[in-house]
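In terms of numbering that gives the first Met the number 0, the sequence shown opens at residue 0 and continues consecutively.
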Amino acid sequence: MKLFDAHIHLHDHRFDANREELISRARDKGVRGFCSLSADPGDWPRVIENSRKYPFVLPGFGIHPWYLKTTYPGWREDLAKHLETEAAILGEVGLDLVIDTPLEEQMAVLHQQLDLAQDMKLPVNFHCRKAWHVLEQVLKAYDFRKTGFVLHAYSGTDIIVEKLASKGAYFSFGGGLTKSGNRRVHKAIKAVPLDRLLIETDAPDIPPVIDHKIDNEKPNVPENIFYVLSAMAADLAMTEEKLAEMTWENSMRLFGDVILPRKIG
Ligand SMILES: [Zn+2]
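Shown next as C-alpha cells:
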C-alpha cells in the first residue's frame, strides 16, 4: 500500500527531536510522499532544508491567514523566488473568519499570493474556515481548473462540493474524519467526486481519535494517516487498499508537473 499525505508540516519544531525517525516510520508503513507546507516566512528556510534532504517531500511556500503579521517589505519577491527555485506549490494560504484579523487584510495577502500561483501555473493548498462564500468570490478572479487546488481539512458542506470541484478543487480529509460526531464532514466526503479525494494528517496538528479518545497533548505524527484511512474507508464503504491507490493517483494528477522533479514513491 502506498499513501500520499496531501497536507503536513514536517519542518515544525515539535518534530525537531525525532523528525528523522517519524518520517522513516511512516515511510516504512507505506507513506511514500508528503506535501509539506509552511505557515509563514520564518518557516521557509526549514521547508527548503527538508525538501532538499527528503526527495519525496513536495514543499509548499506561503503565508497562512493566522500569521499575516509576519509579512515584511519584499516578502512577495522572496516567496516568488522560492516557488520558482524549489519545485513547489503555494501554501498554506487561505481565509479564516473565526480569527480576528479583518477580512480585507486577509484578502489583500491572499490575492497577492494567488496572483503568483496563477502566473506560475502552480497548485494551491488552502486553509478555509467559515469563509466559503468569500472563497467562492475570490475564485472568480482566477482559473484554477487546469492547475487545481487543495481544500485542506475540508469543513464545508456537501452542497457546495460540486461547485468547488468545477473550479478545480480537490478535497482533503484528515483527523476530523475520525470523529464520529462530525456529521457535516461525514456527509461532505460522500459528495466528493472520487477523482478529487485526498488524504492528509496536518501533523503535528489535528490528532485523530485513537481508541475513542484524542490526545491533544502529543503532536499528531505522520503514521497516524492510517487512522484517517480507515475512517475514510468506513465512510465510503471502500477498502483501504482501493482508497490508498485512488488518493495516491489523485495526488499525482493534481501535483503533476510540479512533483515530477522529485522522487515520490
Ligand atoms: Zn496545516
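Ideal Cβ positions, reconstructed from N, Cα and C, are used throughout, including at glycine.
Between the alpha carbons of Lys80 and Val137 lies a distance of about 24 angstroms.
A Cβ-Cβ separation of about 5 angstroms places Gln112 in contact with Val92 under the 8 angstroms criterion. Just so you know, the alpha carbons of Thr146 and Ala187 end up roughly 23 angstroms apart. Every unbroken stretch of the alpha helix (DSSP H) spanning 4 or more residues and falling wholly within the segment 83 to 149 is given here in chain order: 102 to 119, 131 to 138. Beta-bridge partners assigned by DSSP to Ser171: Leu197.
In the DSSP assignment, His6 falls within the unbroken beta strand (DSSP E) covering 2 to 7. With a contact defined as Cβ atoms closer than 8 angstroms, Phe125 and Phe148 qualify at about 6 angstroms. Ranking Tyr141, Ser50, Gly61, Gly264 by CA distance to the CA of Asp118 puts Tyr141 first. Here Lys120 has Thr146 as same chain residues with Cβ atoms under 6 angstroms from its own Cβ, once five neighbours each way along the sequence are excluded. With a cut-off of 8 angstroms on Cβ pairs, the segment 85 to 99 is not in contact with the segment 20 to 33, counting fewer than three such pairs. For Pro44, there is no enclosing beta strand (DSSP E); the enclosing alpha helix (DSSP H) covers residues 43 to 52.
Inclusion of Lys262 and Pro54 in the CB contact set at 8 angstroms is warranted, their separation being smaller than that value. Distances taken from the Cβ of His151 to the heavy atoms of ligand 1 include one shorter than 7 angstroms. When beta bridges are read from the DSSP output, Lys212 appears opposite Ile209. If you check the CB distance, Pro203 and Asp11 come in under 8 angstroms. Shown here, Pro203 sits in coil according to DSSP, grouped into three states, outside any helix or strand. Judged by DSSP in its simplified three-state form, Gly59 adopts strand.
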